[in-house]
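Engineer:
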Ligand code: URA
């Protein structure tokens with residue numbers, strides 16, 4: 283199965299109520315072999331119209347943040363936890379997130395095999411990492427079941443709340459180092475790595 287096959291399945295999907303109001307599905311976009319995968323919450327109006335993720339105001343800011351660290355959108359893969367726009371941009375319901383991620387997003391991740399998944403905002407973070415708070419844990423990489431996650435604020439929140447702008451920009455600036463560190467760790471013998479799941483703490487901070 284390839285990313286295109288998954289996108290074709292998503293196009294026909296009627297597994298949850300979100301399909302009823304969509305104009306287009308938004309499977310995700312970018313490099314199928316990206317080292318960094320960004321995962322947002324769900325498509326908004328512009329994304330629904332164009333079938334592409336992060337093409338509205340938050341997307342413009344995300345593009346600027348990528349450029350700030352020398353990356354182009356085509357260097358990364360950008361997706362969302364749900365592939366269809368929730369009505370009036372409401373938060374996706376837990377069952378919508380569950381259905382969409384288990385059927386599609388997790389399969390996309392398995393194919394892309396990113397070194398680091400950057401979760402954008404708390405809804406995306408919560409789908410992958412338990413017991414973390416975005417205000418305290420943004421900008422800290424966590425390893426869960428072998429996959430490294432790097433939670434940061436959602437660009438829309440940072441766009442509309444100036445105080446978060448400095449945080450998201452600082453976290454972005456640290457991202458290249460996080461990726462390098464994950465790549466360096468991958469080269470070490472397994473015995474040199476900290477265990478994936480220490481007994482008392484499920485998730486392990488990397489840096
Ligand atoms: N916000 C998101 O979470 N995803 C998009 O694709 C656009 C805005």
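Residue numbers (the working numbering): 283 to 489. Glycine included, each C-beta is placed from N, C-alpha and C at the ideal position.
(1) Beta carbon of residue 300, beta carbon of residue 364: below 8 Å?
(2) Does the beta-carbon of residue 481 have 16 or more other beta-carbons within 10 angstroms, so that it is buried, or is it exposed?
(3) Which residue wins for smallest C-alpha separation from residue 325, given the options 448, 316, 303 and 290?
(4) Between which two residues does the alpha helix (DSSP H) carrying residue 387 extend?
(5) Report yes if the C-beta of residue 402 is less than 7 Å from at least one heavy atom of the ligand URA; otherwise report no.
(6) Taking just the CA atoms, how far does residue 379 sit from residue 441?
(7) Is it right to say residue 287 is buried, meaning 16 or more other beta carbons lie within 10 angstroms of its own, or is it exposed?
(8) Residue 319 and residue 399: beta carbons closer than 8 Å?
(9) Return yes when the C-beta of residue 326 is under 7 Å from any heavy atom of the ligand URA, and no when it is not.
(10) Tell me whether residue 542 sits in a helix, a strand or coil according to DSSP, three-state version.
(11) Please determine, among 449, 450, 456 and 430, the residue with the shortest C-alpha to C-alpha distance to residue 467.
(12) Would you identify the three-state DSSP class for residue 304, choosing helix, strand or coil?
(13) How big is the Cα-Cα spacing for residue 454 and residue 439?
Structural biologist: Checking against the coordinates, here is how it stands:
(1) yes
(2) Note that residue 481 scores 49 on pLDDT, short of 50, meaning its location in the model is unreliable; the coordinates nonetheless yield the value given after this. Classification for residue 481: exposed.
(3) Relative to residue 325, the option among 448, 316, 303 and 290 whose CA is nearest is 303.
(4) Taken as a continuous stretch (DSSP letters only), residue 387 belongs to no alpha helix (DSSP H), as it is neither H nor E.
(5) yes
(6) 24 Å
(7) exposed
(8) yes
(9) yes
(10) With the chain represented from 283 up to 489, any question about residue 542 goes unanswered, as that position is not in the structure.
(11) 430
(12) coil
(13) 15 Å
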